[in-house]
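Student: Residue numbers (my numbering): 4 to 310. A virtual CB, placed ideally from N, CA and C, is assigned to each residue, including glycine.
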Ligand SMILES: [Zn+2]
């Protein structure tokens, strides 16, 4: 069986957008890989993430382990606190069309990444809809057409967010961590938008964990690909498009040597949606993951489809 890998690239910050995205485009072009980019297009309020220090277990330890201040730069750490949060999408409006012209998928990673990540479960549905709609308005102004794919900031989704994605006709979303594509259920309610979960851990989760180095992470990804099932890897424009660009390039080279087939998530979604009746249903559970602060939405065990 040919190993298959989808590269999902989350772009959270102005720096990731303006510097990480062009760097990643170059590396992807060099290895002839098409990927799926998900852009947070609203204000960069990364500085407010500092306040997670006081609220979330594991955040301080993670900041230290991944050397976040060095990684993100002092200015990024001040956006939304000491400095106003600049609008990411408007800072380099030529980039999203360039990504699409290069053959990459371009989807949404929310509007205000920090607000979604920290407050999704407390936002009333109208405010969740506003986050999605503002992102979509910016996307449409940049691209000329609306986005059809969505990846929730911080892998946080809810019945509200999935219901709004369905009402706005999104083709699929990649909001959770899990094993295989599915239809997400929240209690008795099965939501209709296909979910393609991230199946692999991320570099920032494992880096420094029990001495894990970037090259050890590459070996882990390669070993998981040998199992045969398609895998989805989430990378971050701020990490793999920044200080870990060289290691990301090595990962792609080693995948190429092993004849790994790369896919864009949207292409896999269209393939899967040819037979919607075969999609499993699974609950979405809030769980903690090693190396990640706070809770993320995870795929539960498969359930019977409602008749
Ligand atoms: Zn993100």
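Within the chosen definition, does the stretch 259–271 reach the stretch 155–171 through at least 3 CB pairs nearer than 8 Å?
Tutor: no
Student: Tell me whether the beta-carbon of residue 107 lies closer than 7 Å to the beta-carbon of residue 38.
Tutor: yes
Student: What would DSSP say about residue 133, mapped onto helix, strand or coil?
Tutor: helix
Student: Once you ignore the five residues that flank residue 295 on each side, which residues in its own chain have a CB closer than 6 Å to its CB?
Tutor: 208
Student: Do the stretch 243–259 and the stretch 29–37 meet, that is, are 3 or more Cβ pairs less than 8 Å apart?
Tutor: yes
Student: Could you check whether residue 6 and residue 228 sit closer than 7 Å to each other, using their CB atoms as the reference points?
Tutor: yes
Student: In the DSSP assignment, what residue or residues form a beta bridge with residue 1?
Tutor: Since the first residue of the chain shown is 4 and the last is 310, residue 1 is not available in this structure.
Student: Contact defined as beta carbons within less than 8 Å: I believe residue 45 pairs with residue 245. What is the distance between those atoms, to the nearest angstrom?
Tutor: Residue 45 to residue 245, Cβ: 21 Å. No contact.
Student: Can we count residue 156 as close to ligand 1, meaning its CB is less than 6 Å from some heavy atom?
Tutor: yes
Student: Mind pulling the alpha helix (DSSP H) runs of 4 or more residues that sit fully within the stretch 193–243?
Tutor: 206–209, 217–228
Student: Could you tell me whether any non-hydrogen atom of ligand 1 is closer than 6 Å to the CB of residue 121?
Tutor: no
Student: Beta carbon of residue 201, beta carbon of residue 180: below 7 Å?
Tutor: yes
Student: Rounded to the nearest angstrom, what separates residue 19 and residue 111 at their Cα positions?
Tutor: A direct Cα-to-Cα measurement between residue 19 and residue 111 gives close to 15 Å.
Student: Identify whether residue 125 lies in helix, strand or coil by the three-state DSSP scheme.
Tutor: helix
Student: As a quick exercise: from 183, 15, 300, 277, pick the residue whose alpha carbon is nearest that of residue 288.
Tutor: 300
Student: Given the structure, does residue 219 come close to ligand 1, in the sense that its CB is under 6 Å from one of the ligand's heavy atoms?
Tutor: no
Student: Check whether the stretch 210–228 touches the stretch 181–193, counting contact only when three or more Cβ pairs, one atom from each stretch, lie closer than 8 Å.
Tutor: Counting Cβ pairs under 8 Å, fewer than three are found: no touch.
Student: Measuring straight from C-alpha to C-alpha, what distance separates residue 149 and residue 211?
Tutor: 39 Å
Student: To the nearest angstrom, report how far apart residue 143 and residue 178 are at their CA atoms.
Tutor: 21 Å
Student: What are the boundary residues of the alpha helix (DSSP H) that residue 163 is part of?
Tutor: Boundaries of the alpha helix (DSSP H) harbouring residue 163: 162–170, taken from the DSSP string.
Student: Report buried or exposed for residue 192, applying the criterion of at least 16 other Cβ atoms within 10 angstroms of its Cβ.
Tutor: So residue 192 ends up on the exposed side.
Student: Any heavy atom of ligand 1 within a distance shorter than 6 Å of the CB on residue 13?
Tutor: yes
Student: Note down, in chain order, each residue of its chain lying with its Cβ closer than 6 Å to the Cβ of residue 135, except the 5 sequence neighbours on either side.
Tutor: 167
Student: Within a Cβ cutoff of 6 Å, which residues of the same chain sit near residue 57, ignoring the five residues on either side of it in sequence?
Tutor: Caution applies to residue 57, whose pLDDT of 49 falls short of 50 and renders its modelled position unreliable; the model cannot decide the point.
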